[in-house]
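What follows is one structure encoded as structure tokens, with my remarks underneath.
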Ligand code: RB5
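Residue numbers (the working numbering): 3 to 161.
Right, dumping it as structure tokens:
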């Protein structure tokens, strides 16, 4: 795992993963996070050659669930494929957010632990705003905890 900017012991660690569509976006978001004082773990590709987004969605999901990272950010062309992959890792709650309101609510009500968006959908400045507000929002608990528990219970049932 490549650290883009190592932080202090208590610094919040953000795992970031991306496919080939989001190399420039990943760099911009990672630089933004470093400026804000987060530690960034780069789990994405840095090459422009076509690659497979499920690899990176899974990597981000596993980093978050294992505790290597506190939260994750996963970016592909739309945010969709990489979120589907991340959500297959038990314990992940990945949400695609193309604007700040949904991003904030995904933390407050859904306790999202992986933020996804599309590098072909949002511009870099919008992405920074989404990321900043997502990281600053807090889970409200209460009735939302019960509902999140219900979502996570689905993982424990056989189909
Ligand atoms: C790659 O062309 C594209 O399919 C991928 O980045 C993503 O948008 C998939 O959901």
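Note that CB positions come from ideal geometry on N, CA and C, so glycine has one too.
Review point. Residue 42 and residue 35 look like a contact to me (Cβ under 8 Å); what is the Cβ gap, rounded to whole Å?
Key: Contact holds; Cβ gap of about 5 Å.
Exercise for review: Throw me the rounded Cβ distance for the residue 66 and residue 20 pair, which I believe falls under 8 Å.
Suggested key: Contact between residue 66 and residue 20 is absent: CB atoms are separated by about 15 Å, not below the 8 Å threshold.
Review point. Would the C-beta of residue 82 count as close to the ligand RB5, meaning under 7 Å from any of its heavy atoms?
Key: Yes, the beta carbon of residue 82 sits closer than 7 Å to at least one heavy atom of the ligand RB5.
Exercise for review: Compute every distance between the C-beta of residue 48 and the non-hydrogen atoms of the ligand RB5, then say whether any falls below 7 Å.
Suggested key: No, the Cβ of residue 48 stays beyond 7 Å of every heavy atom of the ligand RB5.
Point to revise | Boundaries (first-last residue) of the beta strand (DSSP E) holding residue 142 | key: If you look at residue 142, you'll find it isn't in any beta strand (DSSP E); DSSP assigns it neither H nor E.
Review point. Taking buried to mean at least 16 other C-beta atoms within 10 Å of its own C-beta, is residue 5 buried or exposed?
Key: The residue is exposed, with fewer than 16 neighbouring Cβ atoms inside 10 Å.
Review point. Is it the case that the CB of residue 78 approaches a heavy atom of the ligand RB5 more closely than 7 Å?
Key: At least one heavy atom of the ligand RB5 is nearer than 7 Å to the Cβ of residue 78, so yes.
Check your understanding: Any chance the CB of residue 23 is under 7 Å from a heavy atom of the ligand RB5?
Key -> Inclusion of residue 23 in the 7 Å shell around the ligand RB5 follows from its C-beta lying nearer than that to a non-hydrogen atom of the ligand.
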